[in-house]
Ligand code: SAH
Ligand code: SF4
Ligand code: F3S
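Numbering (the working numbering), first residue to last: 137 to 577.
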C-alpha cells in the first residue's frame, strides 16, 4: 500500500446505524494505511464526514459543519475534507459547484477506493468524486475497526428495493444485496473473540436478507449458534418481511432478543398506499398481535411520519387510533420532509409546517402516555439486564438494557460492563426504569 503524506484523521458520523457500521469499515481502511485517529479537528490532516440525507435537517447539519471546516482549511490549506455516505451520493453536483473546498466525495459503495482516491487527489490537486453504486459490494472480506464497547454492528445486507414514495434511501444506497451466511458467521466469531457480547445485525431492510437459498431466519439461527453470543438484535426490518417463521425462530432462542422494531409509518390505508408501504392497517395490526402472541412481553418500537402529502385530519386520527390499539413501547416520530428523486416530492398536496408540528406534538403526548403505561406494568417484574455504561446522572449506577430493549438504572454493586444480571424492576418514570440487582439467589 502506498504511504500518504497524511498523518491524522477525524471521522464524524451522521445518520443511522448503517453509517456507524460503514464508518468502522472506513476507519479500518485508514488505520491500515498507517494513519492515526484523532478527535481534534485542528490536529487533523484529513477530516471525513459520513453523512445522512434522510430528512432535510440531516443535510442542514452537515452543510453547517462543512462551513466550520472551510474556516479551518483557510488557515491550513493542506487539510483534506471528505464527504462520504448518503449525501455524497445525493448531492455530488451541488458540492462540486458550491463547495469546491471539499476534496473527496465518496458514495457508500466506494470505500474500498479511499487510498487510491486520496492519492489521486494529492497528485492531481482537484476534487475527486466516486459515487458509483454497486450491485455486488457488501464489503464481505473487510473487518471493521470497532470501538471498545459491548455491541458489534455487523452489516449483513445493503441497499433497498422497496421504494417507499417518501424515502431517498433506494437512491442513495442502491439495490438490495446480501452477504453469505459463512462470511457473517466468520465476522461474528471474530467479534466474540475480541470480547463483544451483543451482536446487532444491520441492513436498510435487514429481514429482506437473502443469500442463495438462505433467509434471514436461517442467518439468525446460524448466528445464535455461535458460542459466546449473549444477545442478538437486528435493525431495521420491513413489516412486509416479518413472518411467523421468523417470529418462531426468535422465540426459540434465548440469545435472540425479545424485541421487534416494527415501522408503521401511518395507520391510514389510503396513505399507506400512497406511501407504497405494501401492507394495510389490518395486516399491520394482525402482525403486531402475532408478535406479542408468539413472543409474550416482546418490546415493540415503530417509526411514524406525520404530515405526509395529502394527510387529512381524519387520516392522522386513524394513525393515532392504531397507535392506541397496538401501544408501542417506543415510537420514533418524524415530520414528513420532501426529498429529491422521490415520488412524494411530486405530490402537489404538501402539508404546512404548522400542521405537521401540531400533529407531531399531539402524537408525542400519546406515545409518552403509552411508554409510561407499559413501563409501569413492568414494576415488580424480573428482567435480565445487560450492563452497557455508567448512568449519566450518577457514578454509582449503571445503565443497561433489558432483553426487550428498555433502559434500566441499577446500582453498581459488583457487576461490570458486559455482564448480564438479574434485576427486579422497582420504579418506572417516563422512558427509564429503575431496578435492584437480585443477589445471592
Ligand atoms: N428501512 C427502514 C427505514 C429507514 S429510514 C424501514 O423501512 O422501516 C428510518 C425512518 O425515517 C423511516 O422509517 C421513516 O419513518 C423516516 N423517514 C424516511 N424518509 C422520510 C422523509 N422523507 N421524511 C420524514 N421521515 C422519513
Ligand atoms: Fe426507505 Fe422504505 Fe426502503 Fe425503508 S423500506 S429504506 S423507508 S424506501
Ligand atoms: Fe441516512 Fe443514509 Fe442511513 S440517508 S438514515 S445514513 S441509509
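Idealized CB from N, CA, C, for every residue including glycine. Please read all numbers here as calculations on a predicted model, not as lab measurements.
Cβ distance (whole Å) where residue i is taken to contact residue j below 8 Å
{"i": "residue 341", "j": "residue 298", "result": "6 Å"}
{"i": "residue 302", "j": "residue 441", "result": "6 Å"}
{"i": "residue 245", "j": "residue 269", "result": "5 Å"}
{"i": "residue 521", "j": "residue 537", "result": "7 Å"}
{"i": "residue 416", "j": "residue 405", "result": "5 Å"}
{"i": "residue 191", "j": "residue 473", "result": "4 Å"}
{"i": "residue 516", "j": "residue 457", "result": "That pair is no contact at about 30 Å."}
{"i": "residue 564", "j": "residue 511", "result": "4 Å"}
{"i": "residue 180", "j": "residue 146", "result": "4 Å"}
Cα-Cα separation between residue i and residue j, rounded to whole angstroms
{"i": "residue 478", "j": "residue 294", "result": "19 Å"}
{"i": "residue 326", "j": "residue 494", "result": "48 Å"}
{"i": "residue 173", "j": "residue 144", "result": "6 Å"}
{"i": "residue 240", "j": "residue 220", "result": "8 Å"}
{"i": "residue 454", "j": "residue 366", "result": "39 Å"}
{"i": "residue 291", "j": "residue 321", "result": "12 Å"}
{"i": "residue 449", "j": "residue 435", "result": "29 Å"}
{"i": "residue 264", "j": "residue 481", "result": "30 Å"}
{"i": "residue 427", "j": "residue 383", "result": "7 Å"}
{"i": "residue 251", "j": "residue 171", "result": "11 Å"}
{"i": "residue 431", "j": "residue 556", "result": "20 Å"}
{"i": "residue 137", "j": "residue 169", "result": "Residue placement at residue 137 cannot be trusted, given a pLDDT of 45 that sits under 50; what the coordinates show is reported in the next sentence. For residue 137 and residue 169, the distance between alpha carbons rounds to 7 Å."}
{"i": "residue 439", "j": "residue 401", "result": "6 Å"}
{"i": "residue 525", "j": "residue 571", "result": "15 Å"}
{"i": "residue 392", "j": "residue 368", "result": "5 Å"}
{"i": "residue 154", "j": "residue 336", "result": "11 Å"}
{"i": "residue 461", "j": "residue 211", "result": "58 Å"}
{"i": "residue 451", "j": "residue 507", "result": "23 Å"}
{"i": "residue 468", "j": "residue 500", "result": "9 Å"}
{"i": "residue 158", "j": "residue 350", "result": "24 Å"}
{"i": "residue 535", "j": "residue 236", "result": "44 Å"}
Buried/exposed call for residue i, threshold 16 Cβ in 10 Å
{"i": "residue 562", "result": "exposed"}
{"i": "residue 361", "result": "exposed"}
{"i": "residue 262", "result": "exposed"}
{"i": "residue 266", "result": "buried"}
{"i": "residue 215", "result": "buried"}
{"i": "residue 484", "result": "exposed"}
{"i": "residue 518", "result": "exposed"}
{"i": "residue 375", "result": "buried"}
{"i": "residue 271", "result": "exposed"}
{"i": "residue 503", "result": "buried"}
{"i": "residue 317", "result": "buried"}
{"i": "residue 574", "result": "exposed"}
Chain-order list of residues whose beta-carbon lies under 6 Å from that of residue i (same chain, five-residue window excluded)
{"i": "residue 218", "result": "184, 240"}
{"i": "residue 276", "result": "315, 319"}
{"i": "residue 204", "result": "none"}
{"i": "residue 541", "result": "395, 435"}
Cutoff 8 Å: residue i Cβ touching any chain C Cβ
{"i": "residue 183", "result": "Among the protein chains of the structure shown there is no chain C, as only one such chain exists."}
Contact set for residue i: own chain, Cβ-Cβ below 7 Å, skip 5 residues either direction
{"i": "residue 119", "result": "With the chain represented from 137 up to 577, any question about residue 119 goes unanswered, as that position is not in the structure."}
{"i": "residue 312", "result": "293, 295, 296, 297, 341, 344"}
Cβ shell of residue i (< 8 Å), same chain only, five flanking positions each side left out
{"i": "residue 257", "result": "216, 239, 240, 263, 264"}
- Mind pulling the beta strand (DSSP E) runs of 3 or more residues that sit fully within the segment 346 to 391? List check, beta strand (DSSP E) in window: 367 to 371.
- Message: My parser needs the beta strand (DSSP E) runs of 3 or more residues fully inside the segment 269 to 333; what are they?
- Response: With a minimum length of 3 residues, the continuous beta strand (DSSP E) runs that stay inside the segment 269 to 333 are 287 to 291.
- Message: As an exercise, report each continuous alpha helix (DSSP H) stretch of at least 4 residues that is fully enclosed by the segment 380 to 461, in chain order.
- Response: Listed in chain order, the alpha helix (DSSP H) runs fully inside the segment 380 to 461 are 380 to 388, 405 to 410, 417 to 430, counting runs of at least 4 residues.
- Item | Every unbroken beta strand (DSSP E) inside the segment 458 to 510 [3 residues or more] | Every beta strand (DSSP E) stretch that sits fully inside the segment 458 to 510 and reaches 3 residues is listed by chain position as 466 to 471.
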